[in-house]
Amino acid sequence: MDFRLVDLSADEIAAQLAVVEPLTESVRALIDAVIRTEVPDDDLDDARRRIDAVTASLRAAQKPGSYGVPFTRDFTGMPWGNAAVGVRNAIAPPLRVDHHDDGTATARVRLGAAYEGPAGLVHGGISAMLLDQMLGEAASVGNGTPCFTGTLTVKYLRPTPLGDVDLRARTTGSEGRKVFVRAELCDADGPTVTAEGIMVSPRNLPSPDQIAKLRAATAADHDA
Ligand SMILES: CCCCCCCCCC(=O)SCCNC(=O)CCNC(=O)[C@H](O)C(C)(C)COP(=O)(O)OP(=O)(O)OC[C@H]1O[C@@H](n2cnc3c(N)ncnc32)[C@H](O)[C@@H]1OP(=O)(O)O
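Sequential numbering from 430 applies to the sequence shown in the working numbering.
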């Protein structure tokens with residue numbers, strides 16, 4: 430896995446986010462508008478030409494491959510292209526995950542027309558993706574090292590209406606490099622989808638101790 434370090438301060442990241450997040454939000458609004466617009470076909474054709482021109486302007490300087498997950502000098506991850514949480518990814522709802530002292534992770538997100546499966550209902554793959562992210566976040570933060578999904582079991586209890594949903598995940602135990610996690614996705618009336626995951630910290634990753642040492646060394650270099 431690629432452990433790219435970028436030498437950015439918190440202020441520099443905040444400055445980037447101040448530009449990037451509104452752009453992503455505009456593209457997110459564009460996706461919703463394209464799904465729901467009822468303007469005449471000629472207007473759609475005109476819109477396509479204007480969107481293509483914007484796309485060409487962005488392609489003028491383009492990163493090869495995907496965004497990846499660079500780490501800042503204080504080892505904060507920047508998963509900005511991530512399909513669930515990426516601040517540069519208009520496909521991401523985006524999920525904003527809060528981590529709590531009791532080890533739980535929570536998020537509230539609004540799922541609009543872009544996340545539809547059955548009419549008016551959230552697509553099951555979207556629910557699974559969001560729950561997977563929650564499981565990964567709870568396991569990784571609790572374990573102190575990134576954990577990948579080894580096994581994901583999803584149970585759809587009842588349909589989830591599009592709109593606001595709440596997510597919650599908590600680890601239930603660990604064994605070697607495996608972390609066991611449970612999560613649920615709820616509408617206003619309670620859980621609609623639940624998930625269980627066996628999250629595995631891959632063998633080739635630095636251990637939490639090694640990461641702590643790298644973090645201390647990077648901080649010392651920067652202070653010197
Ligand atoms: C703040 C950071 C937030 C990060 C959030 C990220 C959220 C996103 C979550 C994802 O979607 S990750 C992407 C989807 N998952 C993958 O692509 C994983 C693909 N599979 C792999 O990379 C490897 O197969 C895996 C890391 C899961 C395991 O490889 P290893 O070579 O490290 O495992 P190894 O074979 O040494 O087994 C270690 C232990 O894990 C167990 N194990 C391995 N694969 C497993 C599996 N698939 N399911 C359950 N358990 C598994 C294995 O039995 C063993 O248990 P024991 O120690 O008890 O013997």
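For every residue, glycine included, the Cβ atom is placed at its ideal position computed from N, Cα and C.
Inter-residue spacing [alpha-carbon to alpha-carbon] between residue i and residue j
| i | j | result |
| --- | --- | --- |
| D593 | P522 | 11 Å |
| L596 | D561 | 11 Å |
| R611 | L634 | 23 Å |
| D440 | R478 | 37 Å |
| S603 | D638 | 17 Å |
| K607 | M507 | 24 Å |
| I520 | G605 | 35 Å |
| Y544 | P588 | 13 Å |
| L564 | A444 | 30 Å |
| A485 | A513 | 26 Å |
| L586 | G553 | 11 Å |
| L452 | A462 | 15 Å |
| G510 | L434 | 16 Å |
| R632 | D531 | 27 Å |
| D616 | R457 | 22 Å |
| R465 | D474 | 15 Å |
| D471 | V448 | 32 Å |
| G515 | L446 | 11 Å |
| G619 | E613 | 9 Å |
| Q491 | V483 | 13 Å |
| T505 | P547 | 38 Å |
CB-CB length for residue i against residue j, believed under 8 Å
| i | j | result |
| --- | --- | --- |
| T623 | K584 | 5 Å |
| L437 | R517 | Not quite, the Cβ-Cβ distance comes to about 15 Å (not below 8 Å), so this is no contact. |
| T578 | G626 | 6 Å |
| A567 | R525 | No, A567 and R525 are not in contact; Cβ-Cβ is about 15 Å, not under 8 Å. |
| H528 | A534 | 5 Å |
| L591 | V538 | About 11 Å; that fails the 8 Å criterion. |
| T582 | S630 | In fact, because the Cβ distance is near 19 Å, the residues do not count as touching under 8 Å. |
Start and end residues, alpha helix (DSSP H) containing residue i
| i | result |
| --- | --- |
| A557 | 553 to 572 |
| V622 | Element bounds for V622: not the alpha helix (DSSP H) but the beta strand (DSSP E), 619 to 629. |
| V483 | 470 to 487 |
Span of the beta strand (DSSP E), counted from its first residue to its last, around residue i
| i | result |
| --- | --- |
| A439 | A439 -> not in any beta strand (DSSP E); alpha helix (DSSP H) instead, spanning 439 to 465. |
| S603 | 592 to 604 |
| R537 | 534 to 540 |
| A512 | That residue, A512, is in no beta strand (DSSP E); it is neither H nor E in DSSP. |
| V583 | 577 to 585 |
| L614 | 607 to 616 |
Beta carbon proximity, residue i to chain D, threshold 7 Å
| i | result |
| --- | --- |
| G619 | Note that chain D does not occur in the displayed structure, where there is just one protein chain. |
Query raised in the report: Taking one C-beta from the segment 492 to 504 and one from the segment 553 to 570 each time, how about it: are there three or more such pairs within less than 8 Å?
Result: no
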